[in-house]
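Numbering (my numbering) for the sequence shown: 2 to 336. Glycine is no exception: its CB is placed at the ideal position from the N, C-alpha and C atoms.
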Amino acid sequence: MFSNAEIGIDLGTANILIYSKSKGIVLNEPSVVAIDINTKQVVAVGAEAKEMIGKTPQNIVPIRPLKDGVIADYDVTAQMLKVLLKKVSKKAGISTRKPIVVVCTPSGSTSVERRAIHNAVTSYGAKNVHLIEEPVAAAIGADLPVDEPTASVVVDIGGGTTEVGIISFGGVVACNSVRVAGDRLDEEIILHIRKHYNILIGERTAESIKMEIGHADSDHEEVNMEVRGRDMVTGLPKTITISSKEIYSALKESLEQILDTIRATLEDCPPELSGDIVDHGIVLTGGGALLNGIQKWLSTVINVPVHIAPSPLESVAIGTGRSLQMISKLQKAAK
C-alpha cells in the first residue's frame, strides 16, 4: 500500500473501469445501481445490479446513473463510486484514502457536466481530481504517439456516445461526438423485433443479439439466432428466429450517423495533418469496436486504414491512468 493511490477512472455509460498505476485495471463493472425506492438505499452495484435488470420486485429499481457519457443522477453516481472504490481497496489492496484521480470526460461535455463529475469524485475524498478528454485518454490507452506532432485519429464507440478525435502534440486538434453508440444499437434491435414480430425483448437480450449476430458490413455470411421474448398480442412467451441480415438493416441508420461524425471530424482536420491520417489511419476503441465487420466497413467507406486498439474495452481506462505521468504536459497543451 502507498499513501496517495494514483487512480484512473473511466466513467462509462455502460461500464466503469478503474485503473491503478501499480496494478493496471483493477475493476471493470457495469454502471448500474439497484435502489430500493421505499428506503432510497442502494441494494446492489455493478455486475450484481445488472443481473437484476428486468427481474426485480416493484420496490427495487435498477438504474443507470450515467446517460450519454455524462452524469444523469449525481447522488446515485457518487454512491456508486464510493461502493466501487471500497471494493477496489479490499480486492486489490490499494489504499483509496485521499487518492489522486484522473477521470475522463466526453469531449462535448459542458462545464456544468464536468463540474458534476469533479464533485462526484471529490465527495469520495480524492486529494486531487484531474479531468481528461475521452479521445485523448483513448489514444494514450491505444499506445498512439499523442505527444508527437503527428495526427492520431481515435474513434471511441462507447455505450452512450461515440467520440471522434484528432490528437496531435498532446491536445485535441478536432473532435466531434454523437450520442449514438452501443445503447442506441440495442434500442434499434428492440424496436425492430417489436415492429416486425410483435415481440417484446429486454435490454440484455438485445445486447446479446448485437454481440452474436450484429454486423456493420452488409456483405457478410448470414447467420440465424433464436430469440425469446413476450408476445405483445397474447402476452405469452414466444421464440422466434432472426437473421444477421435483419439486424444489419436495423443497425444501418445508427451506424451511418457514426460514419457522418467521423467524416465531419476528418473535414475539420488541418491539411498538414491529413497526410498522417492517410498513412496511419484510424484506431477504433470502446465496446463498439467489437461489432462484427465494423473495421472492414469503415475502411471501405472512408478509404483509410482502420485498426482496432489492442484492448478496445479498456483503452480509455488505461489511458486515463497512464495520463497521470503526462498530466502536466496535457494541461499545458490545453491552455
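>> Suppose you measure from the CA of Ser324 to the CA of Val154; what does that come to, to the nearest Å?
In response: Looking at the two C-alpha atoms, the distance is approximately 18 angstroms.
> Can you list the alpha helix (DSSP H) stretches of 4 or more residues lying completely in the stretch 232-268, in chain order?
Replying inline: If only complete runs of 4 or more residues are kept, the stretch 232-268 shows the alpha helix (DSSP H) at 245-268, in order along the chain.
>> By the DSSP assignment, the alpha helix (DSSP H) with Ser178 in it spans what residues?
In response: Element bounds for Ser178: not the alpha helix (DSSP H) but the beta strand (DSSP E), 172-179.
> Quick one: any contact between the stretch 97-108 and the stretch 284-292, if contact means 3 or more CB pairs under 8 angstroms?
Replying inline: Too few Cβ pairs lie closer than 8 angstroms, so no.
> Rounded to the nearest angstrom, how far is the Cβ of Glu223 from that of Lys246, given a contact under 8 angstroms?
Replying inline: A Cβ-Cβ distance of about 5 angstroms is found for the pair Glu223 and Lys246, placing them in contact under the 8 angstroms criterion.
>> For the pair the stretch 292-302 and the stretch 197-216, tell me if three or more CB-CB distances fall below 8 angstroms.
In response: In short, these stretches touch, since the Cβ pair count reaches three.
> DSSP state of Leu331, grouped into three classes?
Replying inline: At Leu331 the pLDDT is 49, less than 50, meaning the model places this residue with poor confidence and gives no usable figure here.
> Would you report the Cα separation of Ile8 and Val165, rounded to the nearest angstrom?
Replying inline: Distance between the alpha carbons of Ile8 and Val165: 25 angstroms.
>> Please list the terminal residues of the continuous alpha helix (DSSP H) segment that includes Pro31.
In response: Taken as a continuous stretch (DSSP letters only), Pro31 belongs to no alpha helix (DSSP H), being part of the beta strand (DSSP E) at 25-31.
>> Suppose the cutoff is 6 angstroms on Cβ atoms and the five residues either side in sequence are ignored; what does the same chain contact list for Ser114 look like?
In response: With the sequence shown as reference, residue 114 is identified as Glu, and Ser is not the correct amino acid for it. Apart from the 5 residues on each side of it in sequence, Glu114 sits with its Cβ closer than 6 angstroms to the Cβ of Val71 in its chain, given in chain order.
> Can you list, in chain order, the residues of its chain whose CB lies under 7 angstroms from that of Glu135, leaving out five sequence neighbours each side?
Replying inline: These residues qualify, in order along the chain: Cys105, Thr106, Pro107, Ser108, Asp157, Glu164, Val317.
>> Short of 8 angstroms in beta carbon distance, which residues of its chain neighbour Arg185, apart from the five on each side in sequence? Order them along the chain.
In response: Listed in chain order, the non-local C-beta contacts of Arg185 below 8 angstroms within the same chain comprise Ser255, local neighbours out to five positions each way being set aside.
> Which residue's Cα is closest to the Cα of Lys88: Leu145, Ala139, Asn29?
Replying inline: The option with the nearest alpha carbon to Lys88 is Asn29.
>> Helix, strand or coil, according to DSSP, for Ile168 in the structure here?
In response: The answer is strand: DSSP assigns Ile168 an E or B state.
>> Please return the same chain residues whose Cβ sits closer than 6 angstroms to the Cβ of Val33, not counting the five positions on each side in sequence.
In response: Once the five neighbours on either side are set aside, the close Cβ partners of Val33 are Ala50, Lys51, Pro63, Arg65.
>> Could you tell me the alpha carbon to alpha carbon distance between Ala251 and Leu237, rounded to whole angstroms?
In response: Distance between the alpha carbons of Ala251 and Leu237 is about 25 angstroms.
> Which class does Asp37 belong to by DSSP, given the choice of helix, strand or coil?
Replying inline: DSSP places Asp37 in the strand class (E or B) of the three-state scheme.
>> Given this structure, state the Cα-to-Cα distance separating Leu331 from Ile202, to the nearest angstrom.
In response: Its pLDDT being 49, under 50, Leu331 is placed unreliably by the model, and the measurement read from it follows with that caveat. Here the alpha carbon of Leu331 sits roughly 45 angstroms from the alpha carbon of Ile202.
> Under a Cβ-count criterion, where at least 16 other Cβ atoms within 10 Å of its own Cβ denotes burial, should Met233 be classed as buried or exposed?
Replying inline: Per the 10 Å Cβ criterion, exposed.
> Which word fits Glu149, buried or exposed, when buried means at least 16 other C-beta atoms lie within 10 angstroms of its C-beta?
Replying inline: The residue in question, Glu149, is exposed, as its Cβ has fewer than 16 Cβ neighbours within 10 Å.
> Based on Cα-Cα distance, which residue from Ile241, Pro311, Asp37, Val284 lies nearest to Pro58?
Replying inline: Ranked by Cα distance from Pro58, the first of Ile241, Pro311, Asp37, Val284 is Asp37.
>> Which residue marks the beginning of the beta strand (DSSP E) containing Leu18, and which one marks its end?
In response: Segment 16-21, the beta strand (DSSP E) holding Leu18.
> Are the beta-carbon atoms of Gly47 and Leu82 separated by less than 8 angstroms?
Replying inline: No, Cβ-Cβ distance for Gly47 and Leu82 is not below 8 angstroms.
> Would you call the CB atoms of Val179 and Ile303 closer than 8 angstroms?
Replying inline: Contact flag unset, no.
> Can you give the Cα-Cα distance for Pro19 and Gly322, rounded to whole angstroms?
Replying inline: According to the sequence as given, residue 19 is Ile; it is not Pro. Near 8 angstroms, if we compare the C-alpha coordinates of Gly322 and Ile19.
> For Thr266, which residues of its own chain have a beta-carbon under 6 angstroms away from its beta-carbon, when the five flanking residues on both sides are left out?
Replying inline: Excluding residues within five positions, the ones whose Cβ falls inside 6 angstroms are Val165, Ala175, Asn177.
> Once you ignore the five residues that flank Leu274 on each side, which residues in its own chain have a CB closer than 8 angstroms to its CB?
Replying inline: Closer than 8 angstroms at the Cβ level, and outside the excluded window around Leu274, lie Thr151, Ala152, Ile167, Ser169, Val174.
> At what residues does the alpha helix (DSSP H) containing Ile202 begin and finish?
Replying inline: For Ile202, no alpha helix (DSSP H) segment is defined, and its DSSP state is neither H nor E.
> For Met226, which beta-bridge partners are listed by DSSP?
Replying inline: For Met226, the pairing in a beta bridge is given by DSSP as Ile243.
> Can you tell me the Cα-Cα spacing of Tyr337 and Arg205, whole angstroms?
Replying inline: Residue coverage of the chain in this structure runs from 2 to 336, which leaves residue 337 outside it and unanswerable.
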